[in-house]
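Participant:
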């Protein structure tokens, strides 16, 4: 087996005063980090790894796109019958991690997860391109696939036959409501900077924060 030293690459000169003077509330800072990632042209800034666990505590992860972020939380979408949907039904908690290689930043947000309203799910679905809506309508996410060509043909036929595709009842939005947020900025010397916020619950009000060793 060949051993190779791994090194970090990315911007090492970002001005991040929040590590020296942390704000009381992490949510505006979270929004600022996301906006800055977009401004710095990070590739796929809203792509994140979602971690969930089943009823026995066995974890699973997947990369997805976060659709909306605001003071109430972070919104993503899925099928209720998918693996993550079933796990969230059994254990309605999750953790989202963003990693931006270009800027050496990592952002982790954890907390309870709840389904959004049907109206909000409809709005999220309507934002998708027609082809994506058609694929979603014919797919049964996470079920066994027996004929990929047939599935593609179903989606193409739906696009050709319809100007609109309604949202499948099983497809929904989820909102992760933060109770823990960690900001991480990497350093080539491994003395990474870490700032972690926590609160007892989504309605607990005040956050506590502390710097963590790398």
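Numbering (UniProt numbering), first residue to last: 1 to 214.
Cβ coordinates follow ideal geometry from the N, Cα and C atoms, glycine included.
Just so you know, these numbers come straight off a predicted model, no measurement behind them.
#1: Which residues does DSSP pair with residue 209 in a beta bridge?
#2: What's the gap between the Cα of residue 152 and the Cα of residue 135?
#3: What would DSSP say about residue 102, mapped onto helix, strand or coil?
#4: Out of 11, 92 and 201, which one is the CA nearest neighbour of residue 54?
#5: Nearest by alpha-carbon distance to residue 107: which of 166, 46, 58 and 148 is it?
#6: Buried or exposed: where does residue 78 fall if 16 or more other Cβ atoms within 10 Å of its Cβ makes it buried?
#7: Do residue 111 and residue 176 have their C-beta atoms within less than 8 Å of each other?
#8: Ignore the nearest five residues each way along the sequence and tell me which others in residue 125's own chain have a CB closer than 6 Å to its CB.
#9: Judging by CA-CA distance, which residue of 25, 97, 196 and 174 is the nearest neighbour of residue 122?
#10: Tell me the DSSP secondary structure of residue 66 in three-state form.
#11: Whose CA, out of 141, 195, 17 and 120, lies closest to the CA of residue 82?
#12: Please report how far the alpha carbon of residue 194 lies from the alpha carbon of residue 180, in whole angstroms.
#13: How would you call residue 52, buried or exposed, if buried means at least 16 neighbouring beta carbons within 10 angstroms?
#14: Excluding the five sequence neighbours on either side, which residues of its own chain have a C-beta within less than 6 Å of the C-beta of residue 64, listed in chain order?
#15: Determine the contact status of residue 25 and residue 207, defining contact as a CB-CB distance below 8 Å.
#16: Can you tell me whether residue 154 is helix, strand or coil according to DSSP?
#17: Can you name, in chain order, every residue of its own chain whose Cβ lies under 8 Å from the Cβ of residue 71, other than the five neighbours on each side?
#18: Ordered along the chain, which non-local residues of its own chain (more than five positions away) have a Cβ less than 7 Å from that of residue 11?
Facilitator: On the basis of the data shown:
#1: 197
#2: 8 Å
#3: helix
#4: 92 is the residue among 11, 92 and 201 whose C-alpha sits nearest the C-alpha of residue 54.
#5: 46
#6: It is buried - the Cβ of residue 78 has at least 16 other Cβ atoms within 10 Å.
#7: Cβ distance < 8 Å, so residue 111 and residue 176 count as in contact.
#8: Cβ within range, chain order: 167.
#9: 174
#10: Three-state DSSP puts residue 66 in coil, outside helix and strand.
#11: Closest option to residue 82, Cα to Cα, is 141.
#12: 13 Å
#13: buried
#14: 50 and 76
#15: yes
#16: helix
#17: 27
#18: 102, 103 and 104
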